[in-house]
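**Student:** Take a look at this one; I'll ask things after.
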DNA sequence: ACTAAGGGTTATAGTAACTATAAGGTCAAT
DNA sequence: ATTGACCTTATAGTTACTATAACCCTTAGT
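Chains as they are written, first to last, in the working numbering: chain A, 119 to 263; chain B, 119 to 263.
Following this line, the structure appears as structure tokens:
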């Protein structure tokens, strides 16, 4: 007797913080099911779609790829199965994040070192340029920390 | 009287650790100058090309984009100019890296928290799935640290 | 001289996760 | 009726490569 409330794509976008274009894109790649349509052809979304989108958004926030999320969603859909698969994916993602952290920390250190190297002279005397050019650490005591 | 030694693309690749395809790609997008050619059409590279490639590789290692590197190279080429531009770019990159670090650290924390949540039951009881589904922190004392 | 392996050459398409653009249809309000 | 804000589609661009195909060159071995 009462129809469920439905969202247009723009409404869903506003409510979830995911842009309308992106929502359509998710539909196109099959991450979201095809939305039902109004008479005039507008997409109409249900509460279930809304939840699914939130799931996607949270997962993206944790750095999962869309392919990972596709898997997560299908794992999460099998309510009575073990959650070992989900747990494994979280673990895997954690490792990946840590590995990227390691790389970035190394970059940060090196950039800090370089940054401390510059004393504002000309390019030809610039330690930064020297370092980037590959004349690795030889005598950088003089001007660098 | 003596011609400089020159590298083929594969040799340069082996020496710099940048793949031959990538070297050709760098030439195509103008990051490397057009290489001279042997009679049969093979690319021939000089020491200068070698240095330039090393510069690119080190900069990539610091997370600079190819566009940034293009700028860095052109800055570095003006030997008598001030190195302020280079310094600024390093500073900028440092900021970017730090911002990405911040994001990743947040992801790491949240993933750690999630990972600790799983007690190996069924999906329908899984705290991870619950959390991802957006039912934010309500009563997670029970099973989560 | 012939051949096969291991170089090199080009052009084109695919990757991830969108973003931008164009060209148009719909809806609510004035 | 017209404006403005929404919706629709399709296509191309982004980053930094990687993969593929189809072909040419060089060199070592028989």
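Where a beta carbon is used, it is the ideal one built from N, C-alpha and C, also for glycine.
How close, in whole Å, do the beta carbons of residue 155 of chain B and residue 162 of chain B come, if the pair is a contact with beta carbons under 8 Å?
**Tutor:** The residue labelled residue 155 of chain B in the question sits at position 37 within the second chain. The residue labelled residue 162 of chain B in the question sits at position 44 within the second chain. So it is a contact: roughly 6 Å between Cβ atoms.
**Student:** Is there contact between the segment 201-209 of chain A and the segment 234-250 of chain B, where contact requires at least three CB pairs shorter than 8 Å?
**Tutor:** With the cut-off at 8 Å, the segment 201-209 of chain A and the segment 234-250 of chain B touch.
**Student:** Classify residue 215 of chain B as buried or exposed, calling it buried when 16 or more other Cβ atoms lie within 10 Å of its own Cβ.
**Tutor:** Here residue 215 of chain B refers to the residue found at position 97 of the second chain. Buried.
**Student:** Throw me the rounded Cβ distance for the residue 180 of chain B and residue 134 of chain B pair, which I believe falls under 8 Å.
**Tutor:** Here the question's residue 180 of chain B lines up with position 62 in the second chain. Here the question's residue 134 of chain B lines up with position 16 in the second chain. That pair is no contact at about 16 Å.
**Student:** Measuring only between beta-carbons, confirm whether residue 227 of chain A sits less than 7 Å from chain B.
**Tutor:** Taking the first residue of the first chain as 1, we reach residue 227 of chain A at position 109. False, the Cβ-Cβ gap to chain B never drops below 7 Å.
**Student:** Per DSSP, which one or two residues make a beta bridge with residue 161 of chain B?
**Tutor:** Indexing the second chain from 1 puts residue 161 of chain B at position 43. DSSP lists B:155 as partners of residue 161 of chain B.
**Student:** Do residue 232 of chain A and residue 229 of chain B have their beta-carbon atoms positioned less than 7 Å apart in this structure?
**Tutor:** To locate residue 229 of chain B, count along the second chain from 1; it is residue 111. To locate residue 232 of chain A, count along the first chain from 1; it is residue 114. No, they are not a contact pair.
**Student:** Are residue 218 of chain B and residue 222 of chain A close, meaning C-beta to C-beta below 7 Å?
**Tutor:** In the second chain, residue 218 of chain B corresponds to position 100, counting from 1. In the first chain, residue 222 of chain A corresponds to position 104, counting from 1. Yes. Within cutoff.
**Student:** Cβ of residue 167 of chain B versus every heavy atom of the ligand MN: is any distance shorter than 6 Å?
**Tutor:** This structure simply doesn't include the ligand MN, nor any ligand for that matter.
**Student:** Closest to residue 201 of chain B by CA distance: which of A:147, A:157, A:238, A:153 is it?
**Tutor:** Taking the second chain and counting its residues from 1, one reaches residue 201 of chain B at position 83. Here the closest residue by C-alpha is A:238.
**Student:** Give me the Cα-Cα distance between residue 138 of chain B and residue 166 of chain B, rounded to the nearest whole angstrom.
**Tutor:** On the second chain, residue 138 of chain B is found 20 positions in, with the first residue counted as 1. On the second chain, residue 166 of chain B is found 48 positions in, with the first residue counted as 1. Using only the alpha carbons, I get a separation of about 17 Å.
**Student:** Are the C-beta of residue 252 of chain A and some C-beta of chain B separated by less than 7 Å?
**Tutor:** Residue numbering aside, residue 252 of chain A sits at position 134 when the first chain is read from its first letter. Yes, because at least one Cβ of chain B sits closer than 7 Å to the Cβ of residue 252 of chain A.
**Student:** Of the residues that make up the segment 140-168 of chain A, which ones have a beta carbon closer than 8 Å to any beta carbon in chain B?
**Tutor:** For the segment 140-168 of chain A, which is checked against every Cβ of chain B, not one residue is closer than 8 Å.
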